[in-house]
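> One structure, as structure tokens, below. Some questions next.
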Amino acid sequence: MDERDIKILSAIANLGTGSPDRLHEETGIPKSTIYYRLNNLREEGVIKNDLYDIDYEKVGLGVTIIAEVIAEYDEGYHERVGEKLSNIEGADQVYFTMGETDFVVIARLGNQGMVEDLISQFEGIDEVIRTRSMFTISTIKNEPRLLKNFEFDTLEAIADAEDE
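Numbers 1 to 164, taken from full-length UniProt numbering, label the letters of the sequence shown in order.
Below, the structure is given as structure tokens:
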């Protein structure tokens, strides 16, 4: 990745669109170059898809749960348990972590009944010893476009370090 790729990715994060017209307006990079680079970034797996951001509350999924899952340790358990957690309806993100907690699961659900069902499914996994869950009261920040959280210079320095 070079400076132009980083400018394009930053513009996508800031604008919330991959429209070559809008990216050209934002960056001054010629549209033909933007098309070419977007295609390359897709082929390289940097750009994974063209999904739109969705307001979860407006589709009835306004309850966010953050659950810590403690599991019984044994060889390969993180893959096995992680897969089982990932397959539970509503589990939006599953992370294998270091420390006292083995997994952190973030779920977006519609109501209290769905929360109870989610926790029951966690506890129904044989390797799960216990869970600890929290409801979010309000969302302070939830930026789906991660690059928007970084200055251009920081992204450029990261890209340069990757090239070394």
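Yeah, the Cβ is synthetic: ideal placement off N, Cα and C, and Gly gets one too.
Could you compute how far the alpha carbon of L61 sits from the alpha carbon of E164?
Residue mapping note: residue 61 aligns to position 61 of the sequence shown, counting from 1. Residue mapping note: residue 164 aligns to position 164 of the sequence shown, counting from 1. Taking the straight line from one Cα to the other gives about 43 Å.
> Which residue from K48, R4 and E57 puts its Cα closest to that of Y36?
Reading the sequence shown from its first residue, position 36 is the one you call residue 36. When each option's Cα is compared against that of Y36, the closest is R4.
> Find the nearest neighbour of D55 within the set R108, I8, N39 and L38, judged by alpha-carbon distance.
Taking the sequence shown and counting its residues from 1, one reaches residue 55 at position 55. The candidate whose alpha carbon is nearest that of D55 is R108.
> Thinking C-alpha only, which one of V104, D160 and I12 is nearest N149?
Walking along the sequence shown from the start, residue 149 turns up at place 149. Comparing Cα positions, the closest option is I12.
> Looking at the unbroken alpha helix (DSSP H) that takes in F122, where does it start and where does it end?
Your numbering for residue 122 matches position 122 in the sequence shown. Run containing F122: Q112 to E123, per the alpha helix (DSSP H) assignment.
> Which whole-angstrom value is the C-beta distance of I106 and T64, which I expect to be below 8 Å?
The sequence position of residue 106 within the sequence shown is 106, counting from 1. The sequence position of residue 64 within the sequence shown is 64, counting from 1. Rounded, the Cβ-Cβ distance is 7 Å, consistent with contact.
> Smallest Cα separation from V128: which of F152, T136, P30 and R80?
The sequence position of residue 128 within the sequence shown is 128, counting from 1. Ranking F152, T136, P30 and R80 by Cα distance to V128 puts R80 first.
> Return the first residue and the last residue of the alpha helix (DSSP H) that V81 is part of.
Along the sequence shown, read from residue 1 onward, the residue named residue 81 stands at position 81. Here the alpha helix (DSSP H) through V81 covers Y77 to S86.
> With a floor of 4 residues, list each alpha helix (DSSP H) that falls wholly inside the segment 26 to 56, ordered by position along the chain.
Runs of the alpha helix (DSSP H) inside the segment 26 to 56: 31 to 43.
> Please find out if some non-hydrogen atom of the ligand SAM comes closer than 7 Å to the beta-carbon of H24.
You won't find the ligand SAM in this model; it holds no ligand whatsoever.
> Can you find the residues in the same chain that come closer than 8 Å, C-beta to C-beta, to S133, ignoring five residues on each side of it along the sequence?
Along the sequence shown, read from residue 1 onward, the residue named residue 133 stands at position 133. Closer than 8 Å at the Cβ level, and outside the excluded window around S133, lie I65, I66, A67, E68, V115 and I119.
> Assuming L38 and G16 make a contact with CB atoms under 8 Å, what is their CB distance in whole Å?
Translated into positions along the sequence shown, residue 38 becomes position 38. Translated into positions along the sequence shown, residue 16 becomes position 16. Going by Cβ atoms, the distance from L38 to G16 rounds to 15 Å, so no, they are not a contact pair.
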